[in-house]
């Protein structure tokens, strides 16, 4: 088991390096340097600025410096646009916010989705089932950027119940709408997957045996059916996490929550390459760690995989 | 007795003649019949066809185009910009006085084009990549599929956005970038199928007849993968439309004056507190209906081509 964990984490290193190299190369393919776009600078000044940010060195050297400073100092370098703050400062400011509503969304999507899916499967072909199927089909075409304005129209403009934006130090009123907007489509996918795999498990032989033994329905569902039914859901959690990370950008922009996504879009619009890279790599590290954890959990839970 | 037999024989002969006229049914014809029975999928095809025709033909007849500003209505979108048949703004105007009807059609064109062209890029790459990895197997297969794993665990949305920022936001780059990061699922599926197909007798026969590897892949492997490729292609299109809408919603995709569903929804969503719901409602309506159609068609194709 320990060996598997170590190997799994080691195998995510090439992924991380590829991510860093791809974003680094993309950034350096940009026509002109980060400081050439504005008004014409005297060449000496430009050379000084480039030297200050280490841009006068060769590509491999810059790449090496960048990677080592991330790994050994967790330092993503200075922002090219905001003169007095570094990428680290921006991350320190936005990351806790993104994480707060991100984890809430993840929690809501998995718990509500799994509960809905299991209920639908257990009450197969009743109105609860039809309701769950209807919700999950409907939510497939309601991604976060559609949910966000619709929620604001309903809860802020019509009912005037919840604030339409802002963070307010994470007050619950400010968290509700972002969490609903971000989690709905993933909740629907998880519900659909859970319903399908639960139905399959409920029709299998060992459940029939359990029924024949006269076990109560509650025991059958919670002791016997849930674990094999939820295993396939585990492998969807990785992509769901990636989707939520990307979706957080929409949430930050639309609800002005002040998370990392807001800085990412600002950086993209103002061509602040170092900030763009910093945010991308941080999100990349998160998803890579998460998928490694999911894989390990899967291997631990699945009786068919022996370690 | 003899007479009866002769009549029977003539009967049999007639039937034999008839039978020669019966044509065999191919797998695709079977699939077509099954698809026709799926009402949701057939309705979706009809709606989608109408949507495509309207979005590409109606702009020639519409009284306004997608970038002209109606100076009479500018500045007072809430009262003056309402949907109105008489002044030619069927869906109303936006806050800048541009016609929402024309812009929605234009956005529909772009979104459908992104879906189709991006998918074309992804399908071609995924098909050949997966077929080559599966056919040659061994170490090559290991390396190639490991690369797919790596790509799949990267949040590619951010890479697409960086590419758009770095290379400038041209519409063809958008198609290409979205397609370039969407082929991994297809490659995995194709590889799996190829592994199953490559040991079939007809591939063996081709090999023993001295057919080259490339030709075996293009003539014998890929045609037999088409069923599953069609299914996943139809599911890829709505996915890519979603991706494009996402990027355009952030204002990082399609550029003015061109527009797409995502960009229109973004503009409408930014104006909701000023009381112009038509600016949000019509694009969302097109988006939702369009995506539903693709999803239902995908489901229908899966049931038709892959009956269990």
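Protein chains in written order, with my numbering: chain F, 1 to 307; chain L, 1001 to 1308.
Glycine included, C-beta positions come from ideal geometry on N, C-alpha and C.
Computed from a predicted model, the values in this text were never measured in an experiment.
Counterpart residues of residue i in DSSP-defined beta bridges
i                       : result
residue 105 of chain F  : None, per the DSSP bridge assignment.
residue 1093 of chain L : L:1099
Residue-level contact to chain F via CB, residue i, 8 Å cutoff
i                       : result
residue 1186 of chain L : no
residue 1252 of chain L : yes
residue 1269 of chain L : yes
residue 1144 of chain L : no
residue 1155 of chain L : yes
residue 1159 of chain L : yes
residue 1163 of chain L : yes
residue 1176 of chain L : no
residue 1246 of chain L : yes
residue 1249 of chain L : yes
Residue i (DSSP reduced to helix, strand or coil)
i                       : result
residue 78 of chain F   : strand
residue 1069 of chain L : strand
residue 271 of chain F  : coil
residue 1038 of chain L : coil
residue 68 of chain F   : helix
residue 1086 of chain L : coil
residue 260 of chain F  : helix
residue 1261 of chain L : helix
residue 58 of chain F   : coil
residue 1062 of chain L : coil
residue 183 of chain F  : helix
residue 1108 of chain L : helix
residue 167 of chain F  : coil
residue 1049 of chain L : helix
residue 302 of chain F  : coil
residue 1306 of chain L : coil
residue 1006 of chain L : helix
residue 1271 of chain L : coil
residue 1277 of chain L : helix
residue 42 of chain F   : coil
residue 277 of chain F  : helix
residue 27 of chain F   : helix
Within-8 Å CB hit, residue i to chain L
i                      : result
residue 146 of chain F : yes
residue 184 of chain F : no
residue 271 of chain F : yes
residue 87 of chain F  : no
residue 143 of chain F : yes
residue 133 of chain F : no
residue 149 of chain F : yes
residue 268 of chain F : yes
residue 175 of chain F : no
residue 152 of chain F : yes
residue 112 of chain F : no
Proximal chain B residues relative to residue i, where beta-carbon distance stays under 7 Å
i                      : result
residue 140 of chain F : In summary, chain B is missing from the structure at hand, where the protein chains are F and L.
Quiz item: Quick one: complete alpha helix (DSSP H) runs, 4+ long, within the region 82 to 162 of chain F?
Solution: 87 to 122, 127 to 140 and 144 to 151
Exercise. Quick one: which unbroken beta strand (DSSP E) runs of 3-plus residues sit fully inside the region 1189 to 1258 of chain L? Chain order, please.
Key: none
Exercise. Kindly provide the ranges of any alpha helix (DSSP H) runs that are 4 or more residues long and lie completely inside the region 187 to 258 of chain F, ordered along the chain.
Key: The region 187 to 258 of chain F contains these whole alpha helix (DSSP H) runs: 205 to 212 and 226 to 255.
Practice problem: Output, in sequence order along the chain, the residues in the region 246 to 260 of chain F whose CB is closer than 9 Å to any CB in chain L. | Solution: 246, 247, 249, 250, 253 and 254
Quiz item: Counting only runs that start and end within the region 1124 to 1202 of chain L, where is the alpha helix (DSSP H) found for 4 or more residues in a row?
Solution: 1138 to 1152, 1156 to 1167, 1171 to 1180 and 1184 to 1197
Exercise. Name, going along the chain, the residues of the region 1050 to 1076 of chain L whose beta-carbon falls closer than 8 Å to a beta-carbon of chain F.
Key: Correct list: empty, as no residue qualifies.
Exercise. Compile a chain-ordered list of the residues in the region 1272 to 1297 of chain L whose CB is closer than 8 Å to at least one CB of chain F.
Key: Cβ contacts with chain F come from 1272, 1273, 1277, 1280, 1284, 1287, 1288, 1291, 1292 and 1295.
Exercise. Using a Cβ-Cβ cut-off of less than 9 Å, list which residues of the region 177 to 204 of chain F approach chain L; keep chain order.
Key: none
Quiz item: Closer than 8 Å, Cβ to any Cβ of chain L: which residues of the region 274 to 301 of chain F, in chain order?
Solution: 276, 277, 279, 280, 283, 284, 287, 288 and 291
Exercise. Check each residue of the region 8 to 34 of chain F: if its Cβ is closer than 7 Å to any Cβ of chain L, include it; give the result in chain order.
Key: In summary, the residues of the region 8 to 34 of chain F whose CB is separated from some CB of chain L by less than 7 Å are 14, 15, 18, 19, 22, 23, 26, 27, 29 and 30, in the order they occur in the chain.
Quiz item: Looking at chain L, which residues of the region 156 to 172 of chain F have a Cβ within less than 7 Å of any of its Cβ atoms?
Solution: 157
Practice problem: Scan the region 1128 to 1143 of chain L for residues whose Cβ lies nearer than 8 Å to a Cβ of chain F and list them as they occur along the chain. | Solution: So nothing in the stretch comes that close.
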